[in-house]
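K.L.:
My questions all concern the structure below.
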Amino acid sequence: MSSFSPIFTRLRGPPSLKQPGSNATSSLLMIPDQYLVGTSADATYIQNLFVKVAVESRLQTINPPLETVIFCKMMEFIHNNYRNSITALKKYIDMLGDELDELRQQTPPPPEQPTTISAHPDTNMAWESTSSLA
Numbered sequence: 001m002s003s004f005s006p007i008f009t010r011l012r013g014p015p016s017l018k019q020p021g022s023n024a025t026s027s028l029l030m031i032p033d034q035y036l037v038g039t040s041a042d043a044t045y046i047q048n049l050f051v052k053v054a055v056e057s058r059l060q061t062i063n064p065p066l067e068t069v070i071f072c073k074m075m076e077f078i079h080n081n082y083r084n085s086i087t088a089l090k091k092y093i094d095m096l097g098d099e100l101d102e103l104r105q106q107t108p109p110p111p112e113q114p115t116t117i118s119a120h121p122d123t124n125m126a127w128e129s130t131s132s133l134a
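Shown next, in the form of structure tokens:
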């Protein structure tokens, strides 16, 4: 298998997206070295995943046709665009978080209000009685 770009050389798996305090993880599997024996040094992650699945499926010969290689390259392209979008969104979210922190620091706290309790105006009145004591 040949590659169109040297950037995809010998990827074992994607780096983890897990950040401290985050529950996001990479959904792509790591490919153990046992599956990569005999694969091309410039094979992409998706091509190596194809080999792993083929070996696990007990295919006798792993010699993908050109269409399969092209499909793997397309999947790699989609995957890279997806990862780049996530990276851009993460940077934007971090920037917004920094801006929010700045605004919180610049905004003074509200003045403290006195905590006096005022009596209801009717509490000092005597009720007039209409009954007569005879």
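full-length UniProt numbering puts the sequence shown at residues 1 to 134.
Virtual Cβ for every residue (Gly too), placed ideally from N, Cα, C.
1) Count the other C-beta atoms from every protein chain shown that fall within 10 angstroms of the C-beta of Thr9, then say buried if there are 16 or more, exposed otherwise.
2) Report buried or exposed for Thr107, applying the criterion of at least 16 other Cβ atoms within 10 angstroms of its Cβ.
3) Relative to the C-alpha of Val53, which residue among Ala43, Pro110, Phe71, Ile31 is closest?
4) Pull up the distance between the alpha-carbon of Leu100 and that of Thr39, whole angstroms please.
5) Say whether the segment 58 to 67 touches the segment 76 to 90, bearing in mind that this needs 3 or more beta-carbon pairs closer than 8 Å, one atom from each stretch.
6) So, are the CB atoms of Gln47 and Cys72 less than 8 Å apart?
7) Give me the Cα-Cα distance between Glu112 and Gly97, rounded to the nearest whole angstrom.
P.N.:
In short, the structure shows the following:
1) Reliability fails at Thr9, whose pLDDT of 42 lies under 50, so the model's placement of it is uncertain and no value is given.
2) exposed
3) Taking only the C-alpha atoms, the option nearest Val53 is Ile31.
4) Approximately 49 Å, taken between the alpha carbons.
5) Taking 8 Å as the limit for Cβ pairs, the verdict is that the segment 76 to 90 does not touch the segment 58 to 67.
6) Result yes, Cβ atoms of Gln47 and Cys72 sit closer than 8 Å.
7) Glu112 and Gly97 have their C-alpha atoms spaced approximately 28 Å apart.
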